[in-house]
Amino acid sequence: MTAARTPAVVEPPAERDSEPTVSTSHALPPAPRVGLRTAWWTAALAVVLLLAALAPASVISDFQFFQLNRVITFAIAIGGLNLLLGWAGTISAGHGALFGIGAYTTAILVADHGVPWPLAVLASLLVGLLVGALLGLPALRLGGMNLGLITLAIALLLPPLLTRLDWLTGGPFGKTTPRVEAPPGLPFSSPQWLFLVNLVVLAVVFWLLSNMLRGRMGRALDAAASSRVMAAAHAVPTNRITVAVFAISAAVAALAGALFHLTTRTSTPDSFTFLLSISLIAGAVVGGSRSFVGAIIGAAFVVFVPESLGGFVEPAAAGQWQQVVYAAALLLVIYFFPRGLAGLVRQARNRLVRRRSIHARSQEAQS
Amino acid sequence: MTELWQQILSGLGTGFIYASLALAICLVFQGTGAVNFAQGVMATASAYLAWSLVSNGMDFWLALVLVLAASFVLGALIERVFIRPVEGSSPLVMLTVTVALLIGLQAVVALIWGDDPQQLGSPFGGGSVEVLGARLTAQQLGAAAVVLVTLLLAGAFFRFTTLGLRMRAAAQNPASARLLSIDVGRMLALGWGLAATVGAVAGVIFAPTLGVSPAMMDSSLLLALAAATLGGFESRVGAVVGGLVLGVAANLASRYIPGIGSDLQLVVPFAVIFLVLLLRPQGLFGRASSVRA
Amino acid sequence: MTAPPSAAPTGRTDDSARQRPVLSIRDLSITFSGLRALDGVSFDVPTGGVTAVIGPNGAGKTTLFNCISGIYRGEGEIELAGESLAGKSPHARAALGIARTFQTPTLIEDDTVLANVMLGGFSRTRAGLLPHMVLSPRSRREESELRDRSAEALELMGLLPLAGARAADLPHGLRRRVELARALVAQPRLVLLDEPAAGISHTEALEFADLLTGLAERSGATLLLVEHSVALVMRVARRIAVLDFGKLVVEGEPSLVRRDPRVLAAYLGDEAES
Amino acid sequence: MTLLQLTGVRAAYDGVQALHGMDLAVTEGEMVALLGANGAGKTTTLRAVSGTVSVEGAVLLDGQDVTGWAAHRVARLGVGHVPEGRGTFVDLTVEENLTLGALARAKRLRGQVKEDLAAVHELFPILREFSRRQAGALSGGQQQMLAIARAILGRPRLLLVDEPSLGLAPMVTTEILRSLRVLQAEWQLAVLLAEQNARRALAVVDRAYVLESGRVVASGSAAELRENTAVQDAYLGAEQTGRPA
Chain R
-4 MTAARTPAVV EPPAERDSEP TVSTSHALPP APRVGLRTAW WTAALAVVLL
46 LAALAPASVI SDFQFFQLNR VITFAIAIGG LNLLLGWAGT ISAGHGALFG
96 IGAYTTAILV ADHGVPWPLA VLASLLVGLL VGALLGLPAL RLGGMNLGLI
146 TLAIALLLPP LLTRLDWLTG GPFGKTTPRV EAPPGLPFSS PQWLFLVNLV
196 VLAVVFWLLS NMLRGRMGRA LDAAASSRVM AAAHAVPTNR ITVAVFAISA
246 AVAALAGALF HLTTRTSTPD SFTFLLSISL IAGAVVGGSR SFVGAIIGAA
296 FVVFVPESLG GFVEPAAAGQ WQQVVYAAAL LLVIYFFPRG LAGLVRQARN
346 RLVRRRSIHA RSQEAQS
Chain B
287 MTELWQQILS GLGTGFIYAS LALAICLVFQ GTGAVNFAQG VMATASAYLA
337 WSLVSNGMDF WLALVLVLAA SFVLGALIER VFIRPVEGSS PLVMLTVTVA
387 LLIGLQAVVA LIWGDDPQQL GSPFGGGSVE VLGARLTAQQ LGAAAVVLVT
437 LLLAGAFFRF TTLGLRMRAA AQNPASARLL SIDVGRMLAL GWGLAATVGA
487 VAGVIFAPTL GVSPAMMDSS LLLALAAATL GGFESRVGAV VGGLVLGVAA
537 NLASRYIPGI GSDLQLVVPF AVIFLVLLLR PQGLFGRASS VRA
Chain L
283 MTAPPSAAPT GRTDDSARQR PVLSIRDLSI TFSGLRALDG VSFDVPTGGV
333 TAVIGPNGAG KTTLFNCISG IYRGEGEIEL AGESLAGKSP HARAALGIAR
383 TFQTPTLIED DTVLANVMLG GFSRTRAGLL PHMVLSPRSR REESELRDRS
433 AEALELMGLL PLAGARAADL PHGLRRRVEL ARALVAQPRL VLLDEPAAGI
483 SHTEALEFAD LLTGLAERSG ATLLLVEHSV ALVMRVARRI AVLDFGKLVV
533 EGEPSLVRRD PRVLAAYLGD EAES
Chain U
-9 MTLLQLTGVR AAYDGVQALH GMDLAVTEGE MVALLGANGA GKTTTLRAVS
41 GTVSVEGAVL LDGQDVTGWA AHRVARLGVG HVPEGRGTFV DLTVEENLTL
91 GALARAKRLR GQVKEDLAAV HELFPILREF SRRQAGALSG GQQQMLAIAR
141 AILGRPRLLL VDEPSLGLAP MVTTEILRSL RVLQAEWQLA VLLAEQNARR
191 ALAVVDRAYV LESGRVVASG SAAELRENTA VQDAYLGAEQ TGRPA
C-alpha cells in the first residue's frame, strides 16, 4: 500500500543524453485503480495471516511475535504521523504522548472497569481524536515548527502527569491487564492472535488513510503545505483541514498505543517519554514520510536496529555503543535515502516502466 | 517584595542559559534551516572539555578561551561533516539529522568522560553580592555578565560587520549570495561554529551551577527551544528575550504556584508560549512576513 | 470535511444580471507601514470579457488583487455580483467564484500537472472525508468527473501530453498555463490574472491574447488581468483601469486610455506608438 | 579583447538537455543580446557562465577556463548576474541588499562605492526613498530594479542580465536598457542580456545571438539583425508589425 501518488516522471540520469523516446499516446496518467489494488492487498494479507497462523512455535517464537507486534503498532503510529510530516507539512513532537494516552485509556478501561478490550481500543481511538482536535486548535494560529514545539509540551508533560495522577494511572507502577486470548476454538496463541488483530487493523487503517490522501483531501493538504495563500485561493479552508488532519493523526496514534498496550500488557509512565516521540519521527523519516510501506520499514528500523546492536561490546559501555551505532545508522539512511527507504521500492518500480522524457512532451505542448 | 525581587533576579540568572542556547539555535536555524536538537549536548561537551583542563590545573579563564576556540572548530566541523550532505533538504530531514547527532554525541560524551557527575569550581569565588535588596552569589552575577557580553558581541557582529551581513545573506538566499561572490558553504560552517561558541560560553560558565554530567543541558535545551519558539525563530533578539522571560516565569511559578514542583516546572514556559503564540503567531519578535504574495 | 457552501457555481448570468458589474470596488484603501498602497480606488468590472489593470511598478496592482481575493483586508467595499465580500476569508471568496493566478506561478511542485489542475475543482466537489476514506460511490463519481473536466482544461491549454509530468519539472512558460487551467476548473465567475504574459515574447503574447479572449467566451468567466504587455492589453481588454501611486488615474475603453496624457506620462511612454 | 568565450557548451537539468553545444563570445566593453523564444536556452546560457548550472564544454573568462567552477568563484572574477526571478534578499533592507552588491566588487574599486551608489540612486530614485524598507515589501517590479542595482554596484566586468523587462512597466524597461548602455561606456562594462523582446533589445545592443533549442541559429550586429527579415520571421516574430488595436 504505497502512498497514493502518480510516480514522478523523470528520466533516470543514465539516459541523460539519449534522444527523447517517441510518444505513443496522449492518455492521462492512469487513474488509481482502487478495486484492483485493494484486491491485491487483501489477498497478500490473507496469505500472510494464513502462514502466520499455521507457523508452529518452533518457526516463529512467541517472543518474535511480540517483537512483530511492536513493529506493527509502531508502524500504525508512524503512518498516522506521516499525515502530518508528509502531507500537512507540519510536525508533531508529541505523538509518543498520544500513543501513551491511547495505551493508558485502554489499560485503565480494561483493568479498572472491566471493559472488553475491543471496546477499550475503540475508546482509545475516540480519546485520541478528541485530544488531537484540542491540540490541533492552536494550529489555527500556528504553523510548521511552532506547532511542533507546542506538541513537544505534551511529550514532556505526560510522563510526570502519569506518575502524579496515581489514583487514575497507578502512578509509577502503571497499569497491567490480562493477556488477550484468541476466541475459544481458534488454534492461536495469544501473541499469534494479537498479531492477526494488529495486522488487520494496520491494513484497514492504511487503506482508509491512503484513500483519503489519494483524492480531494490529499490535494488540499498538498496545496496547503506548499502555500497557504495558494490553497486558500482554491477555496481550501486551510485551518479546518489542518485541525481535522491533526485529529485523525492523533486518533491513529492513540489506536496504535492501545494495541501496543495489549501487546506489552503493562504501561508505565517511562514507556512514553519524549524519546518515543523522537523515535517515531526518526522512523517516519527513515521509511519515507509520504509512504505507508515506509511506515512499516521505519517501524522495523526503530524496533530492531537499536536492539540488534547490543552484545558486541563490553556490557558497561554497551548502551552507549548501541546509541552511537544507532545514530550512525540513522545518519547513513538519511544521507543515502533522503526520501526514505520506501524510495528504493519506488525507484525499482519506476525503472521497470520506461517513461517518456518531460522534454519531448514539453516541446509538443509548446508547439 | 524583596522575596519577589530575589526570585526574579535568580530567574534571570538561569534565563541566561536558555537565552544563549536559544540564540545558538536561532543562528543555526537561520543558517541551515535546522532546529538543532544537538545544541545542548554540544555545550555539554564544551563543559566537559573545560572540566578536563581545569581539573588538570589550568586556569579557568585560559581554559574558557581554549574551549571556546575548540568549540568553534568543532561546530564548524560538525556542519562540514554531518550537515553538508543534507544541505538544502527539508526541515524534517535536517531535524532528524540533529536528533541523530544528539543521540550519538551524548553517547560519545558518556564514553569519553563517563556517566558520573563532576564538579567544576566557580571562577567567581563563593562570595555574594547584594543587588537592590536581593542577594545574589558572585557566580550568578558573574555568569550572567559573561553571557550578556557574549550576546551583545554576537548581536553587534551580525548587525554591524560585513561578515555578519554576508552570513545573513547566505542564510537567507544562498543562490543569490553565491552570485555576489559569497562562499555560502563557508558562511554556514562559520554560523555553526559561532553557534557552538555561544552555546559553549553558557555550558562552561554555568557548569559550576549545573554540575557537569552528560544530561546537564537536557532541560536547558528544551527551554531554549521553547524560548526560540517564543521569540520567533527568525529573531535573534527575540530568542534572547524569550530565554530570559522563560527563566523568570519558571522560577516564579515553581515558587508561587502550589503543586508545580520540579517535575511539572516545564508546564509554565509552555503555557506562556501557548498564550503568546495565540496572540502573536509569529512569536514575540518575529515579523509577519512582509514578502508579497 | 466538506467545502463551504457557495452561491450558484456557474459563471453564466441571465440578461438582467448582465447589466450588473461582476465586481464592484468602492473607495478601497490600504496602508502598509505608512505607505498608502491603495488610495480610494473605485471602479466596476463589467460582466464577461477581459478587463485590464495597468500602471507603473509599485502602483498597487498586485495589492488590489490581494484585496479582492481577501489576503489583505483593506478599507472600503468590494462586491462580487452584488454580494458584499466584507469579512469573507480568502477560501470563502474562492468558493464564491473568484479564482486567481500568481505573479510567480505557484504550483504543488511534487504533484503531477493533473493533480494540480484537479485542485482547482476543490470548491466544486462536495464529498467529505469519510466518503473518501471508504471510497463511496459518490466520492468516486466526483473524482472521475473532476478528472474529465481537468483533462478538458488541460486540452484547452495544450497541456494534455504533460498531464502526468511532475509540476516542478515544467519550464516556466508552461507553469502559467497550468495555473490558468487550474483556475478554469473552478468554474469561476471572475479570474484574477497577475501578469500572465510576463516572460513570453511579443508574438507569443499576441497568441496568448487570442487564447484569453477565447477562454472568456467559452467559460463565461470574467477575466481581470494585471499586465505590462501593452500590446496584449490593447488587444484583449474591453476596459482598462490605470493605477498610479495607489490611485485610479483613469478607467475606460482602450482607445480612450491610450490617448490619455496622464497615462502616457506615467506609464506608456513611447510604447503607445507600437 | 575577448572577455567571454563559450565553446561547445552543453547543459542539462534533471536529465533534460537545455543547451546543445553553445558557441558565443563577448568582447570587453561590448553589449550583446541573447534573443529567442521561451525555452530557447537564454537563461541556461547565462547560468552556464555564472556557474549556477553544471556544464560540459568550455567556458573561458578572460582566457581562464572556469568550466565547473563554483558560482562564488566565478563571481569573484567580476561576473555579475541578475537572475530570473530577481533573487533579492527579502528580509534584508534595500540598503543592505545594495551593500552586499558593493561588497562583491574588486578591492581596487572599493573607494568609489559612494559615487557609484549615487549613480544607482539617480537611476532608481525609489531605492533611495525606500532604503530602510525590507526588500520583500517592494513590489515585484521594484525588486527587479533592486536586483539590477545590486549587480551593477558590484562593478562587474561582465554583467549577465536575465529578462530585465520581466514585470517592469514599459517606460522603466526602456530606461534601464538605456542606463546599462551608458554604464557600459563609462565603466567598461560588458553586458550579456537575455531578452524576449527583440525589438527593444536590438535598439540598444551592439550585437546579438539568436538561440533556438539550445543552439545559436543566427548572429550578427544589431543593425544586421534589425534588417534581416528572414531571421525576424523565423525566430523572433514579426514584431515591427505590432499594430495599434
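Chains as they are written, first to last, in the numbering used here: chain R, -4 to 362; chain B, 287 to 579; chain L, 283 to 556; chain U, -9 to 235.
Every residue gets a Cβ at the ideal spot worked out from N, C-alpha and C, and that includes glycine.
No experiment lies behind these values; they were computed from the predicted model shown.
Between the C-alpha atoms of Gly379(L) and Leu93(R), what's the straight-line distance to the nearest angstrom?
Going by C-alpha positions, Gly379(L) is about 40 Å away from Leu93(R).
Spatial neighbours of Ala150(R) within its chain, please: CB distance less than 6 Å, with the 5 preceding and 5 following residues excluded, ordered by chain position.
Apart from sequence neighbours up to five positions away, the residues of its chain that approach Ala150(R) with a beta-carbon distance below 6 Å are Ala88, Gly89, Gly91, Ala92, Phe269 and Ser272, ordered along the chain.
Go ahead and pull the three-state DSSP assignment for Met344(B).
Note: Met344(B) maps to coil in three-state DSSP.
Do you know offhand how far Ser607(L)'s Cα is from Asp309(L)'s?
Because chain L here runs from 283 to 556, residue 607(L) falls outside it and cannot be looked at.
Helix or strand or just coil, what does DSSP make of Val534(B)?
In the three-state scheme derived from DSSP, where H, G and I count as helix and E and B as strand, Val534(B) is classed as helix.
Check the C-beta distance from Val151(U) over to Ala125(U) and give it rounded, since I have them as a contact under 8 Å.
With 8 Å as the limit, Val151(U) and Ala125(U) do not qualify as a contact, their Cβ atoms being about 18 Å apart.
Where DSSP assigns a beta bridge to Tyr321(R), which residues make up the other side?
Tyr321(R) is not bridged to any residue.
Using beta-carbon positions only, say whether Leu197(R) and Ile96(R) come within less than 7 Å of one another.
Taking 7 Å as the Cβ cut-off, Leu197(R) and Ile96(R) do not qualify as a contacting pair.
Under a CB-based cut-off of 7 Å, is Ile559(B) close to chain U?
Taking Cβ atoms only, chain U never reaches closer than 7 Å to Ile559(B), which makes this a no.
Any chain B beta carbon closer than 7 Å to Tyr330(R):
Yes, its Cβ sits closer than 7 Å to a Cβ of chain B.
Classification of Arg522(B) by the beta-carbon crowding that lies within 10 angstroms, buried from 16 upward
Looking at its Cβ environment, which holds 16 or more other Cβ atoms inside 10 Å, Arg522(B) is buried.
Leaving out five residues before and five after Gly81(R) in sequence, what residues of the same chain have Cβ atoms less than 6 Å from its Cβ?
These residues qualify, in order along the chain: Ser284 and Arg285.
Backbone secondary structure at Met225(R) - three-state DSSP
Note: Met225(R) maps to helix in three-state DSSP.
Would you kindly report the start and end of the unbroken beta strand (DSSP E) that includes Leu474(L)?
Here the beta strand (DSSP E) through Leu474(L) covers Leu472 to Asp476.
Below-7 Å beta-carbon distance, Gly157(U) vs any chain B residue:
Output row for Gly157(U): interface = no.
Rounded separation between Val323(L) and Gly337(L) - CA only
One alpha carbon belongs to Val323(L), the other to Gly337(L), and they sit about 13 Å apart.
Is the CB of Arg66(U) under 7 Å away from at least one CB in chain B?
Judged by the 7 Å Cβ criterion, Arg66(U) is in contact with chain B.
Closest by C-alpha distance to Arg0(U), when choosing among Leu167(U), Leu9(U) and His71(U)
Among Leu167(U), Leu9(U) and His71(U), the Cα nearest to that of Arg0(U) is on Leu9(U).
Which class does Gly379(L) belong to by DSSP, given the choice of helix, strand or coil?
Coil, per DSSP.
Comparing C-alpha positions only, which one of Glu119(U), Leu90(U) and Ile142(U) sits nearest to Gln458(B)?
It is Leu90(U) whose Cα lies nearest to the Cα of Gln458(B).
Of the listed residues Phe444(B), Ala461(B), Gln425(B) and Glu373(B), nearest to Leu406(B) (C-alpha basis):
Nearest option by C-alpha distance: Gln425(B).
Taking contact to mean 3 or more Cβ pairs, one atom from each stretch, closer than 8 Å, check whether the stretch 333 to 348 of chain B and the stretch 534 to 549 of chain B are in contact.
Flag = no, the stretch 333 to 348 of chain B and the stretch 534 to 549 of chain B do not touch.
Less than 7 Å between CB atoms is the rule here; does Leu378(B) satisfy it with respect to chain R?
Taking Cβ atoms only, chain R reaches closer than 7 Å to Leu378(B), which makes this a yes.
Determine contact between the stretch 78 to 98 of chain U and the stretch 111 to 121 of chain U, defined as no fewer than three beta-carbon pairs at a distance below 8 Å.
Verdict: yes, contact present.
Minimum Cβ-Cβ distance from Pro372(L) to chain R less than 7 Å
Using a CB distance cut-off of 7 Å, Pro372(L) counts as an interface residue toward chain R.
Contact list for Ser405(L) against chain R, beta-carbon separation under 9 Å
Correct list: His229, Ala230 and Val231.
May I ask which residues mark the beginning and end of the beta strand (DSSP E) holding Ala243(U)?
The shown model of chain U, from -9 to 235, leaves out residue 243(U), and the question about it has no answer.
Identified DSSP bridge partners for Gln124(U)
Bridge partners of Gln124(U): Thr83(U).
Tell me Leu(-4)(U)'s beta-bridge partners as DSSP assigns them.
Paired residue(s): Leu14(U) and Val49(U).
Cα-Cα, which of Gly127(R), Ala102(R), Ala277(R) and Val192(R) is closest to Leu157(R)?
Considering only alpha carbons, the answer is Ala102(R).
In chain order, which beta strand (DSSP E) runs of at least 3 residues are fully inside the stretch 152 to 203 of chain U?
Under the rule that a run must span 3 or more residues, the beta strand (DSSP E) segments found entirely inside the stretch 152 to 203 of chain U read 180 to 185 and 197 to 202.
Give me the Cα-Cα distance between Leu114(R) and Val105(R), rounded to the nearest whole angstrom.
The straight-line gap from Cα to Cα measures roughly 9 Å.
Taking any Cβ of chain L, which residues in the stretch 12 to 40 of chain U have a Cβ under 7 Å from it, in chain order?
Those would be Ala27, Asn28 and Gly29, in chain order.
Which residues DSSP lists as bridging Phe492(B), in chain order:
BP columns for Phe492(B) are empty, so no partner.
Within 7 Å, strictly: CB atoms of Leu215(U) and Arg145(U):
Contact flag unset, no.
Check the Cβ-Cβ distances between Ala337(R) and every residue of chain B, and say whether any is below 7 Å.
The beta carbon of Ala337(R) does not come within 7 Å of any beta carbon belonging to chain B, so the residue lies off that interface.
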